[in-house]
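See structure below.
Numbering (my numbering), first residue to last: 7 to 237.
Structure (structure tokens):
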């Protein structure tokens, strides 16, 4: 049984590993905050093995507004995809959205929207920003954002869901549902797990050999085996 579980784990690791599909199920997000995901991706030219596909990051998410108190100003919802070569990356919530306070300090251009100042986004910067706006004085509605972003350079890619408002404290909380999916050149395995593949291949070979030996011993001494039934 252990051997079969290991083989199944190897199959799942190479086909649909944890982290390759992010499922957003009624996630609550307030203005000025983000839901963040990080993927390590290899370009087609730099993939470590089995280059078969053109890598990409895709998403399909729906933002839902349902509040008894309508916002007094428009609310912008965004899906942001950008790349950084850093494995650790700090980013303050105040930097993502352009608030009225930041606008007065000349730190951004348009209050209530994603900050488009290139210096905010770590080099090499933004790859894709997809947004929609909920009008002021609206109590209910939804907006769906979907796109497929090709990956042409290896690096750490980040996909963020953001809600921006000029005055975040006065904006209601939104609900998010949907998925984000990555496909590396060699399949759904995230780049940060590639280094584990040799170890799991070796373990798989070892356990297959153990399975053969165990089956051989079981057949050889089958007349002397005792069967135990657990109730």
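Every residue, glycine too, gets a C-beta built ideally from N, C-alpha and C.
Counting every other CB atom within 10 Å of its CB across the protein chains shown gives residue 48 a total of 16 or more, marking it as buried.
Comparing alpha carbon positions, the residue from 231, 225, 216, 194 closest to residue 59 is 194.
C-alpha of residue 135 to C-alpha of residue 72: approximately 24 Å in a straight line. Straight across, the Cα-Cα distance linking residue 115 with residue 103 is about 10 Å.
DSSP links residue 163 through a beta bridge to 45, 89. Residue nearest to residue 109 within the set 172, 70, 86 is 172 (criterion: CA-CA distance). Shown here, residue 110 sits in a helix according to DSSP, grouped into three states. Residue 89 counts as buried, since no fewer than 16 other beta carbons sit within 10 angstroms of its beta carbon.
For residue 67, the enclosing beta strand (DSSP E) covers residues 62-72. In the structure shown, residue 230 adopts helical secondary structure according to DSSP, grouped into three states.
Ranking 186, 218, 145, 213 by CA distance to the CA of residue 66 puts 186 first. Residue 169 is a Cβ neighbour of residue 180, given a cutoff of 8 Å.
For residue 43, the CB contacts under 8 Å within the same chain, skipping 5 residues up- and downstream, are 28, 164, 165, 166, 186 in chain order. Note that the C-beta distance between residue 46 and residue 197 is below 8 Å. Sequence-distant Cβ neighbours of residue 204 in its own chain, meaning closer than 6 Å and more than five residues away, do not exist here. With respect to residue 85, residue 149 sits apart: the two C-beta atoms are not nearer than 8 Å.
Between residue 140 and residue 80, the CB-CB gap stays under 8 Å.
If you draw a straight line from the Cα of residue 138 to the Cα of residue 183, it comes to about 15 Å. Around the C-beta of residue 228, fewer than 16 other C-beta atoms lie within 10 Å, and the residue is accordingly described as exposed. With respect to the 8 Å criterion, residue 176 and residue 78 are classified as neighbours on the basis of their beta carbons.
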